[in-house]
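Colleague: Structure in structure tokens, see below.
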Amino acid sequence: MRLFTVLIFRFQKLLFFFLFLWLSPDAQLYGQSKALKIEANQLIVLNGEAEASSLFDESHLFMSAKVPSEKAEHFFRASYNEIYLPQEILIPLHALYRLDSLWLFDGAGKDEIEVLIGNPKNWQSVLKSQTDLYNQWRSFKLKGEGEFILLKVYSSQSQIGELRFFGQKVSKGKATKPTELKAIRPEKTVRQIFGINAFVDDPLDIVFPVASSLREYHNWDWDEANGDINYDPTQGKEFAWSPSYVSVWDFDRYYAEAKKKGISVFPCLQGTAFPYRGEDDFNSKPTFKDFDAAKSQSYRHFAEYVYQFAARYGCNHLDSSLLLLREDQKALSGLNLIAGLEVWNEPDKWWKGRKGYFHPFEFAAFLSAAYDGHEGRMGPKVGIKKADPNLPVIMGGLAETNLDYLLGIKYWSDYNRKGDFPAQVLNFHHYSNNAGGQNGNASGAASPERDSLKQRLEKLVHFRNVNFPQQEIWLSEFGYDSNLKSPQGAPSIGAFSPEEVQAIWLLRTYLANAASGLDRAHLYMLRDVNAPNPNKYNSSGLRAEKWNKHAPKTSYFALQSFLNLLGDYHFNRELTQSDESVFVYQFDSQKDGSHIWAIWLGTESAKQLFNYALKVPATSVDVYQFDPSFQWEKSTQTSSEGTVKLKISEKPLFIKW
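This is how it looks when you write it as structure tokens:
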């Protein structure tokens, strides 16, 4: 009888507990639904950088798989930067799910969170709540289904601990897990990989010795109005290139001369033209006023501009009635003078505020408009591919190597287009410094080895292979300043001046870029802006400023010599050495079957190794070393028992056989 009474008492306690859960406005009974297993690699922080894994890293708190057992210890806080608010975390579920409930640990702080379910084309808000409890678990009923969850955290005031979604899998869905797939690509030689950033007023004669391609910064203003307050696009748009609205510049002639010299030109079209930006900054997004920046139709003006640009300089001949030209322009199309078009520059420019910063869904909409007029839905004469279907479209280079940003573009495109990505090239910028890149408080440059540059780039290449196997991947900005006081400035090391260290680190950067699997890399840049100015990127040039007649710097001679030797070779492999500071890369020639090893120390301390014993697969090798002016000094060494002895340093040397 006593045992029966105890059992009845315990049953009543359980009944009261579950009645409390049912009646509480913050509670939810789960029925037969299951907890969704969400891994850290599913969490895509769309806007800004944040560590979101703390939202799903304490699954042990749900020992019963239904009710949390204790308080969460790890918390997520949104960014303090207002341009990233609300901070959005996209969670692809890789199947279609019907959600019915959520457990959430509400920590300190108070603001708002929102949960949406659906996909990047259609969202349904299933929860919007204040985080107004303190260190307490709470549960919510949800009702909706989709292949993605989108979590919005409206400020850094909210402190969110563990999340646990419950629901049922409905079907396989569209967003399946990607797997690595390497598309077949022709091997590129070192010369084919490397290009340079420059402007129309830089002499082309000094480009080809150090670059096979040119990323030409090209302002939209130069082709339309150039600040003319009397220009009224509503009365008919008029574009001009030969001459342009900057009358001293003739782009027909410039691009034709570049092609004649063997330089592939990739104009980087940037900056909202004066008639369309009003009082806003040059770097503001080119949207119609008060239009939704996440809609492709908002970018009609830019999409019409790139149609005209592609019509003139692509390879497709069009009827002259389709061309919108200033009265002094010849009606020309299909000139076949450029190798591709890059649309915008650094769309993730956080330093320009919300007007200049594209959310990845916004940039996806912009790309779709520029690519083909959002699959032709924006009408005729809109988008690059509508003018020339064969002209490659290059995504505007991101200021950071932010893979979440790129996934945001991809998933938007998967659902708002017919499955294709609106660019042939993925494009990033990265500068090696002691802050890890542009989004940091750098106080000086870092060698490519200290920056783990090769590993960074290999991560990008692997990401491309998994998610975008048909696309090329570029690094369209990288480099060092030669002004020691710059936050991106190369230091003096031992007997080497900052200008010489700039040259040495660029050589090592080129080797890392070639070894990583990148399809193309453009150095920033051809000439200095103002070398005595210590602000970053003012002294990044291989040559001096225009007013100093583009005088060559040490780095120009170094890269010219480098390409003269290795230009026709392609990267083969890295040879591991017992001394981890020693790097050896092998390059092979498809022309004559010869091989070159690049050898250097990846340190920053003027380190040298004398009589370093290197095993070589030849009876003799030619040794190429830089003299003090970075010209080649060549000698021949005979191997002894398959080994040669070399003096190696932080300045690369090369052996050939």
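In our numbering, the protein residues as written are 20 to 676. C-beta: ideal position from N, C-alpha, C; glycine also.
1. Can you give me the C-alpha to C-alpha distance between GLU243 and LEU344, rounded to a whole angstrom?
2. By alpha-carbon positions, which one of PHE293, LYS437, LYS572 and ASN66 ends up nearest to TRP369?
3. Exposed or buried, HIS448, counting other C-beta atoms within 10 Å across all chains shown (16 or more means buried)?
4. Assign ILE512 to buried or exposed, taking buried as 16 or more other Cβ atoms, counted over all protein chains shown, within 10 Å of its Cβ.
5. Around the Cβ of ARG319, are there at least 16 other Cβ atoms within 10 angstroms (buried) or fewer (exposed)?
6. Excluding five sequence neighbours on each side, which residues of the same chain lie with their C-beta closer than 6 Å to the C-beta of LYS278?
7. In chain order, which continuous runs of the alpha helix (DSSP H) of length 4 or greater are located wholly inside the stretch 203-231?
8. Compare the Cα-Cα distances from ILE18 to each of GLN609, THR655 and LEU169 and report the closest residue.
9. Identify whether GLN507 lies in helix, strand or coil by the three-state DSSP scheme.
10. Take the Cβ of LYS634 as the centre, count every other Cβ of all protein chains shown within 10 Å, and call the residue buried at 16 or more, exposed below.
11. Using beta-carbon positions only, say whether TYR575 and LEU530 come within less than 8 Å of one another.
12. Between the alpha carbons of ALA330 and LEU146, how many angstroms are there, rounded?
13. Does the beta-carbon of GLU381 have 16 or more other beta-carbons within 10 angstroms, so that it is buried, or is it exposed?
14. Using DSSP bridges, identify the partner residues of THR662.
15. Does the Cβ of ILE225 have 16 or more other Cβ atoms within 10 Å, making it buried, or fewer, making it exposed?
16. On the DSSP letters alone, give me the boundaries of the beta strand (DSSP E) that HIS113 sits inside.
17. Output the boundary residues of the beta strand (DSSP E) element that contains ASN446.
18. Could you pull out every residue in the same chain whose Cβ sits closer than 7 Å to the Cβ of GLU660, ignoring the five residues on either side in sequence?
19. DSSP beta-bridge partners for ASP607?
20. Quick test of the definition: if touching needs 3 or more C-beta pairs under 8 Å, does the stretch 464-472 touch the stretch 414-425?
21. Please confirm if the stretch 302-310 is in contact with the stretch 212-226, defined as three or more CB-CB distances below 8 Å between the two stretches.
22. With distances taken from CA atoms, which of TYR450, SER261, VAL325 and ALA514 is nearest ASP391?
23. Just to check my reading of the structure: SER462 and PRO506 have Cβ atoms closer than 8 Å, yes? What is that Cβ distance to the nearest angstrom?
24. Below 6 Å CB to CB, which residues in the same chain sit around PRO379 once its five sequence neighbours on both sides are set aside?
25. Within 10 angstroms of the Cβ of PHE124, are there 16 or more other Cβ atoms? Answer buried if so, exposed if not.
26. Would the beta-carbon of SER559 fall within 8 Å of that of GLY498?
27. With H, G and I counted as helix, E and B as strand and the rest as coil, what does DSSP make of ASN435?
28. Give me, in chain order, the residues of the same chain whose beta-carbon lies closer than 8 Å to that of TRP676; leave out the 5 immediate sequence neighbours on both sides.
29. Expressed to the nearest angstrom, what Euclidean distance is found between the alpha-carbon atoms of GLN656 and VAL663?
30. Can you find the residues in the same chain that come closer than 7 Å, C-beta to C-beta, to LEU585, ignoring five residues on each side of it along the sequence?
31. If I follow the unbroken beta strand (DSSP E) through GLN521, where does it start and stop?
32. By the 10 Å Cβ neighbour count, where 16 or more other Cβ atoms means buried, how is PHE39 classified, buried or exposed?
33. Could one say the Cβ of LEU135 lies closer than 8 Å to chain C's Cβ atoms, at least one of them?
34. What did DSSP end up calling ASP500 once you bin it into helix, strand or coil?
35. Are the CB atoms of PHE81 and GLN178 nearer to each other than 8 Å?
36. Tell whether a beta-carbon distance below 8 Å holds between ALA97 and SER174.
Modeller: Checking against the coordinates, here is how it stands:
1. Distance from the CA atom of GLU243 to the CA atom of LEU344, rounded to whole angstroms, is 10 Å.
2. Considering only PHE293, LYS437, LYS572 and ASN66, the residue with the shortest C-alpha distance to TRP369 is ASN66.
3. Residue environment: HIS448 is assigned as buried (16 or more neighbouring CB atoms within 10 Å of its CB, all protein chains considered).
4. Its Cβ being crowded by 16 or more others within 10 Å, ILE512 is buried.
5. The residue in question, ARG319, is buried, as its Cβ has 16 or more Cβ neighbours within 10 Å.
6. The residues are LEU356.
7. 209-212, all fully within the stretch 203-231.
8. In the structure as shown, the chain starts at 20 and stops at 676, and residue 18 therefore has no counterpart that could be examined.
9. Here GLN507 carries a coil assignment [DSSP, helix/strand/coil].
10. LYS634 sits exposed, since fewer than 16 C-beta atoms from the chains shown fall within 10 Å of its C-beta.
11. Contact flag unset, no.
12. Computed Cα separation, rounded: 48 Å.
13. Around the beta carbon of GLU381, 16 or more other beta carbons sit within 10 angstroms, so the residue counts as buried.
14. Answer is LYS634 and SER659.
15. Label assigned to ILE225: buried.
16. Per DSSP, HIS113 belongs to the beta strand (DSSP E) from 106-125.
17. Counting along the chain, the beta strand (DSSP E) containing ASN446 begins and ends at 444-448.
18. Contacts found: none.
19. In the DSSP assignment, ASP607 forms a beta bridge with HIS589 and HIS614.
20. Touching, no.
21. Too few Cβ pairs lie closer than 8 Å, so no.
22. Selected option, being the one with the closest Cα: VAL325.
23. The pair is a contact, with the Cβ atoms about 6 Å apart (cut-off 8 Å).
24. Taking PRO379 as the centre and dropping the five residues before and after it, the same chain places the C-beta of LEU65, TYR424, GLY427 and ILE428 closer than 6 Å to its C-beta, in chain order.
25. Buried, by the Cβ-count rule.
26. Going by C-beta atoms, SER559 is nearer than 8 Å to GLY498.
27. ASN435 falls in the helix class under three-state DSSP.
28. For TRP676, same chain residues with a beta-carbon under 8 Å away, outside a window of 5 residues either side, are SER613, HIS614, VAL635, PRO636, ALA637, SER639, VAL640 and ASP641 in chain order.
29. When only Cα atoms are considered, GLN656 and VAL663 end up about 7 Å apart.
30. Excluding the 5 residues flanking it on each side, LEU585 has same chain C-beta neighbours closer than 7 Å at VAL209, PHE606 and ILE615, in chain order.
31. The continuous stretches of beta strand (DSSP E) do not include GLN521, which lies in the alpha helix (DSSP H) extending over residues 517-535.
32. Note that PHE39 scores a pLDDT of 37, beneath 50, so its modelled location is shaky; the value from the coordinates is reported in the next line. Residue environment for PHE39: exposed (fewer than 16 other C-beta atoms within 10 angstroms of its C-beta).
33. Chain labels in this structure do not include chain C; a single protein chain is all it has.
34. It is a strand residue.
35. The answer is no: Cβ separation not under 8 Å.
36. Cβ distance < 8 Å, so ALA97 and SER174 count as in contact.
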